[in-house]
Amino acid sequence: MKLILTADVDNLGAPGDIVEVKDGYGRNYLLPRGLAIVATRGAEKQVDGIRRAQEARAVRGLDHAKELKAAIEGLEGVSLTVKTAGDSGKLFGSVTAADVAGAIKAAGGPVVDKRSLELPKAHIKATGKHQVIVNLHPDVVAKFHLNVVAG
Numbered sequence: 006m007k008l009i010l011t012a013d014v015d016n017l018g019a020p021g022d023i024v025e026v027k028d029g030y031g032r033n034y035l036l037p038r039g040l041a042i043v044a045t046r047g048a049e050k051q052v053d054g055i056r057r058a059q060e061a062r063a064v065r066g067l068d069h070a071k072e073l074k075a076a077i078e079g080l081e082g083v084s085l086t087v088k089t090a091g092d093s094g095k096l097f098g099s100v101t102a103a104d105v106a107g108a109i110k111a112a113g114g115p116v117v118d119k120r121s122l123e124l125p126k127a128h129i130k131a132t133g134k135h136q137v138i139v140n141l142h143p144d145v146v147a148k149f150h151l152n153v154v155a156g
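Heads up: the sequence shown runs through residues 6 to 156, numbered per this note's numbering.
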């Protein structure tokens, strides 16, 4: 079965790659999870769009990673307002990596992939200042403080 990957799949390929897999693997695993689409002539044209979107999000080398680190660490007042918080400062929900990525962009920072963020204990469940780590490159790590405010 010939498929086009839409997400990064371990030991198979990156988004936009055209791969040949066994029918059962494609039909029962890749297609239902949205990790791939069937390779047709129309879908092959979408490969360019998938690759362009992937390249826009990707860090392009060590120098680019250092520029992003300077931009992220130079941000002042990255804050996230949460709608529901108890009197003790505990959140009824939690702040996820996607929320933090949106807060970085809203504060004037670069677009960061949510998978590159490391939150304390996977989710933030209390108001206050929290240190967040951004893995931009194997050699470059940016750190900043996120202020979670009850709103």
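C-beta: ideal position from N, C-alpha, C; glycine also.
Three or more C-beta pairs below 8 Å linking the region 92 to 107 and the region 62 to 81: No, the region 92 to 107 does not touch the region 62 to 81.
By the DSSP assignment, the beta strand (DSSP E) with Leu-8 in it spans what residues? Position 3 of the sequence shown, counted from the start, is the residue given in the question as residue 8. Counting along the chain, the unbroken beta strand (DSSP E) around Leu-8 starts and ends at 7 to 10.
Mark Ile-138 as exposed unless 16 or more other C-beta atoms lie within 10 angstroms of its C-beta, in which case mark it buried. Position 133 of the sequence shown holds residue 138. Residue environment: Ile-138 is assigned as exposed (fewer than 16 neighbouring CB atoms within 10 Å of its CB, all protein chains considered).
Quick one: which unbroken beta strand (DSSP E) runs of 3-plus residues sit fully inside the region 78 to 146? Chain order, please. Segments of the beta strand (DSSP E) lying fully in the region 78 to 146: 84 to 87, 95 to 100, 129 to 131, 133 to 142.
Select from Ala-58, Gly-29, Val-146, Tyr-30 the residue whose C-alpha is nearest the C-alpha of Thr-11. Counting from 1 along the sequence shown, the entry for residue 11 is found at position 6. Nearest C-alpha to Thr-11: Ala-58.
Do Val-117 and Ala-106 count as a contact pair if the criterion is CB distance below 7 Å? Along the sequence shown, read from residue 1 onward, the residue named residue 106 stands at position 101. Along the sequence shown, read from residue 1 onward, the residue named residue 117 stands at position 112. Result yes, Cβ atoms of Ala-106 and Val-117 sit closer than 7 Å.
Taking contact to mean 3 or more Cβ pairs, one atom from each stretch, closer than 8 Å, check whether the region 71 to 80 and the region 109 to 125 are in contact. Touching, yes.
Under DSSP, the beta strand (DSSP E) around Ala-44 begins and ends at which residues? The count along the sequence shown starts at 1 and reaches residue 44 at position 39. That residue, Ala-44, is in no beta strand (DSSP E); it is neither H nor E in DSSP.
Going straight from the alpha carbon of Thr-86 to that of Leu-40, what length do you get? Within the sequence shown, numbered from 1, the residue matching residue 86 stands at position 81. Within the sequence shown, numbered from 1, the residue matching residue 40 stands at position 35. Each residue's Cα considered, the two are about 33 Å apart.
Is Ala-108 buried or exposed, if buried means 16 or more other CB atoms sit within 10 Å of its CB? In the sequence shown, the residue the question calls residue 108 occupies position 103. Here Ala-108 is buried. Its C-beta has 16 or more other C-beta atoms within 10 Å.
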